[in-house]
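In numbering that gives the first Met the number 0, the protein residues as written are 0 to 160. What follows is a single structure, written as structure tokens, with notes after it.
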Amino acid sequence: MMALTQVPVIAAGLSTAFVLNGDPIVELTESTPTGWRKVQVTRLLIITGAFLAAAGLLFIGLHLMRLWPRDQGWVSIITPVGSIFIVNCLVFLIAVLTMSMPTSSLASIAIWLFLCFIWDPYITDPVRQRLVPMIIAAAGAIFGWKICSDAERNVVKVAAL
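So, in structure tokens, the structure goes:
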């Protein structure tokens with residue numbers, strides 16, 4: 000069950016890396032009314048929402064069958080949901096910074112490995128286990144949002160010349 004519970008997290012990170020790096024031409028997106036930042040954030044929200052729903056369904060099924068590892072009741076749902084949120088927010092930041100599929104996918108695996116093997120074994124309370132990394136990931140996503148805005152201004156400046 001330990002391996003099964005990690006599948007949505009790994010799949011979410013790799014899928015997010017793929018989706019966010021699928022359109023490297025910022026100028027093309029900027030020429031539409033939506034803009035680069037809206038496109039990237041919409042992609043992030045769709046893929047994150049889908050995987051959060053999948054992780055929630057997996058948790059509910061395994062929790063009701065009493066198969067969820069280290070189950071502490073319904074509060075344990077924060078572990079898979081928080082992991083997906085953390086990985087996707089940080090992959091968004093990496094994708095915005097590098098615009099590189101290999102770098103983003105390696106970052107998603109590195110973040111997952113950190114959570115799975117370094118962070119989780121030492122902090123057993125599910126809320127404390129996910130609270131600090133979720134705050135850091137949210138800050139990273141906000142920083143990525145601001146970087147997307149800077150890219151928009153740069154493209155507009157280049158197009159004006």
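Beta carbons are placed, not taken as given, at the ideal position from N, Cα and C, and that holds for glycine.
Nearest-angstrom Cβ-Cβ length linking residue i and residue j, presumed shorter than 8 Å
i, j, result
"F91", "G143", "5 Å"
"S104", "L13", "6 Å"
"W35", "C147", "6 Å"
"A161", "P120", "Residue 161 cannot be examined here, being either before or after the span of the chain that is shown, 0 to 160."
The alpha helix (DSSP H) enclosing residue i, as first and last residue numbers
i, result
"S14", "M1 to L19"
"C88", "I77 to T97"
"K72", "According to the sequence provided, residue 72 is Gly. The question's Lys does not apply to it. Neither: G72 is in no alpha helix (DSSP H) and is coded neither H nor E."
"R65", "Looking at the DSSP string, R65 is not in any alpha helix (DSSP H), and its letter there is neither H nor E."
"I110", "M100 to L112"
Per-residue burial, residue i [other beta carbons within 10 Å of its own, 16 or more giving buried]
i, result
"F163", "Examination of residue 163 is not possible in this model, given that the chain is present from 0 through 160 alone."
"T15", "buried"
"R65", "exposed"
"A165", "Summary: the structure shown does not reach residue 165, with the chain confined to residues 0 through 160, and so no result is reported for it."
"A178", "In the structure as shown, the chain begins at 0 and stops at 160. Residue 178 is therefore absent and cannot be evaluated."
Secondary structure of residue i, DSSP reduced to three states
i, result
"I122", "coil"
"K145", "helix"
"T41", "helix"
"T31", "coil"
"I24", "coil"
Evaluate the contact criterion for the region 63 to 79 versus the region 103 to 111: three or more CB pairs, one atom per stretch, below 8 Å.
no
Three or more C-beta pairs under 8 Å: does that hold for the region 77 to 97 against the region 118 to 130?
yes
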